[in-house]
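In my numbering, the protein residues as written are 1098 to 1351.
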Amino acid sequence: MYDKAQQDFNENETALDAMAGDGGYSEGTRHGYLASVMRRNGKRFWAGDNISEYVQEEHIPELIDEATKAFEKVLDCLLIDRENDPNSKGTARRLAKMYFNEIMEGRYVAGPDATSFPNDSEDRYEGMLVVRSELRSMCSHHHQPVTGVAYIGIIAAQKLIGLSKYTRIAQWCARRGTLQEELCNDIAREIEKATGAPNLGVYIQATHGCCENRGIMAKSSLTQTTVLKGSFKDDAGVKKEFFDNIKLQQEYSC
Ligand SMILES: [Zn+2]
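And the structure:
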């Protein structure tokens, strides 16, 4: 299936590249091919976007090989002797693997399977549910770590998902290049999709390596973002209950 696509692609490569405005993407590479296909289909592939519909599992080793070569070039440009420095030997491949398999994994794999359970019996749960999820992410601007916690609150709707799924969804959204504001929106959207709950809130507090390790070298870069939907936004009582719960969670986790 792919070979046919690759063949068509090779035959039309020049036209495709021209159409795709393929600035800087080298020809005949897996990443170049995938980027051209996404461009042709109008698929956005920003650092925070999931592109798992385009990147198959079997592409990953090939993409890691291509990224390794590119990271080797970066190290060479930085005048780091990766041939003789024992700590820099293999760094290019370590970086490539880390990006694909860890810190940006949420771009390349499909979302966690969030099996839901009906919550429609007479004695169904109708209260608020607040889940605390540890987050590790990376800012798109500087590729520095973003470290924090998300508190996800919903008013239970017609279905429920397993408690660990909230965290899996949040981490899947976080393991990309991101902005905290975007991450907050992404988590809210995915939780809404998985639970069908229109009333929800997501509060994130995180520190940012790009403000602590460089730039202003802030001692604390704690940043807070909130997305509120439905009654979390419109009902002062619900909003207060959400933030009271967060406070209780914070006391508990200290
Ligand atoms: Zn940054």
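Using N, Cα and C, we set each Cβ at its ideal position, and we do this for glycine too.
Inside the segment 1183-1228 only - beta strand (DSSP E) runs reaching at least 3 residues:
For the segment 1183-1228, the continuous beta strand (DSSP E) assignments of 3+ residues that do not extend past its boundaries occur at 1213-1215, in sequence order.
Indicate, with yes or no, if ligand 1 has a heavy atom lying under 7 Å from the CB of Gln1346.
For Gln1346, the CB stays at least 7 Å from every heavy atom of ligand 1.
Would Tyr1222 be called buried (16 or more neighbouring beta carbons within 10 Å of its own) or exposed?
exposed
DSSP three-state assignment for Met1135, whether helix, strand or coil:
Three-state result, Met1135: helix.
Runs of beta strand (DSSP E) wholly within the segment 1310-1344 (minimum 3 residues, chain order):
Within the segment 1310-1344, the complete beta strand (DSSP E) segments of 3 residues or longer fall at 1320-1326, listed in chain order.
With H, G and I counted as helix, E and B as strand and the rest as coil, what does DSSP make of Thr1264?
When secondary structure is reduced to three states using DSSP, Thr1264 falls in the helix class.
What does the alpha-carbon distance come out to for the pair Ile1343 and Glu1159?
43 Å
Taking just the CA atoms, how far does Asn1181 sit from Glu1287?
The straight-line gap from Cα to Cα measures roughly 47 Å.
Given 8 Å as the limit, is there contact between the segment 1161-1173 and the segment 1186-1204, that is, 3 or more CB pairs closer than that?
yes
C-beta atoms of Phe1214 and Leu1192 nearer than 8 Å
no
Tell me whether Cys1236, by its Cβ, gets closer than 7 Å to a heavy atom of ligand 1.
yes
Using only CA atoms, which one of Glu1202, Ile1177, Asn1138 lies nearest to Glu1154?
The residue from Glu1202, Ile1177, Asn1138 with its alpha-carbon nearest to that of Glu1154 is Glu1202.
Ser1237, DSSP secondary structure in three states
coil
Is Cys1281 near ligand 1, going by C-beta to nearest heavy atom under 7 Å?
no
Per-residue burial, Asn1310 [other beta carbons within 10 Å of its own, 16 or more giving buried]
exposed
May I ask you to report which of helix, strand or coil DSSP gives Ser1149?
coil
Tell me the residue span of the alpha helix (DSSP H) that contains Ile1097.
Given a span of 1098 to 1351 for the chain in the structure shown, any question on residue 1097 remains unanswerable.
How would you write the range of the alpha helix (DSSP H) that Leu1280 sits in, first residue to last?
1277-1292
Length of the line joining the Cα atoms of Ala1207 and Glu1150:
So the two alpha carbons sit approximately 8 Å from each other.
Who does Pro1242 pair with in a DSSP beta bridge?
Secondary-structure assignment with DSSP links Pro1242 through a beta bridge to Met1235.
Would the beta-carbon of Ser1328 fall within 8 Å of that of Asn1282?
no
Hey, out of Ala1189, Pro1183, Asn1184, whose CA is closest to Cys1174's CA?
Ala1189
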